[in-house]
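Following: one structure in structure tokens, then a few remarks.
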Amino acid sequence: MMPECYHDPKRKHLFHGDITICAMIQKDGQKYIVRRPPMTETIKDINDRVKRMVSNAITWASDDDTVDKIEHWQSHANRILSDEDYHTHDDCDGFALTSAELCKHYGIDPSLIRIVFCEIPNTGYHLVCSVDDPDENTTWVHCNNERRVVKWDDLDYVWIKYMSYDNLGNWFEI
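So the sequence shown is numbered by the numbering used here: it starts at 1170 and just counts up by one.
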């Protein structure tokens, strides 16, 4: 039996034909190529589906109004997945975290998903989820201010820091 696929951060994307190779491992003196089948949906398709789900489930409200805290970062992904009629109120951080978690749930490689801290000119600080799309050579942004996922280059935001979904807790300057 082949071992399960795992993500090796040193070898982000290796391809052999139409199969993505996640890693080459050695076990009991034998070399194995650990694979996963190609995604049937494109990264853009998954982004569009996730954006619709999160937009339908979350109506904007400040953390101060909903949980009596200035900041309260929480994902609603598990509730959305277990109840298609789930609805809540949250701000940009809840929207971004939920989007990231659902993108991962639907098969996007965590190394392609980021939580991004930014500033919207004349508005203030903001949090979004971004997803790199190597097939389209772009990055999609999940923003609660937008109706659809938007290309990174189409937003007039000041990008400040990001945290990669495969390296949670570590923030990097942009």
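No residue lacks a Cβ here, since even glycine has one placed at the ideal position from N, Cα and C.
Every value quoted in this text rests on a predicted model; they were computed, and no experiment measured them.
Need the endpoints of the alpha helix (DSSP H) that residue i sits in, please.
| i | result |
| --- | --- |
| V1219 | 1212-1226 |
| R1248 | 1246-1251 |
Beta strand (DSSP E) containing residue i: first to last residue?
| i | result |
| --- | --- |
| D1325 | Run containing D1325: none; DSSP gives neither H nor E here. |
| H1311 | 1307-1311 |
With burial defined as no fewer than 16 other Cβ atoms inside 10 Å of the residue's Cβ, what is the status of residue i: buried or exposed?
| i | result |
| --- | --- |
| G1186 | At G1186 the pLDDT is 40, less than 50, meaning the model places this residue with poor confidence; the figure from the coordinates comes in the next sentence. Counting Cβ neighbours within 10 Å, G1186 comes out exposed, since fewer than 16 surround it. |
| D1262 | buried |
| V1327 | exposed |
| L1281 | buried |
| T1292 | exposed |
| E1270 | buried |
| H1256 | exposed |
For a quick check, are the C-beta atoms of residue i and residue j less than 8 Å apart?
| i | j | result |
| --- | --- | --- |
| A1265 | C1298 | yes |
| K1320 | F1286 | no |
| S1251 | T1267 | no |
| K1213 | E1305 | yes |
Assign residue i to one of three DSSP states: helix, strand, or coil.
| i | result |
| --- | --- |
| L1296 | strand |
| H1274 | helix |
| W1340 | coil |
| W1229 | strand |
| D1301 | strand |
| P1290 | coil |
| T1257 | strand |
Using C-beta distances below 6 Å, list every residue in its chain close to residue i, excluding the 5 sequence neighbours before and after it, in chain order.
| i | result |
| --- | --- |
| N1216 | V1300, W1309, V1318 |
| T1228 | H1258 |
| D1335 | P1279, S1280 |
| H1295 | C1261, C1287, I1289 |
| M1332 | I1284, W1340 |
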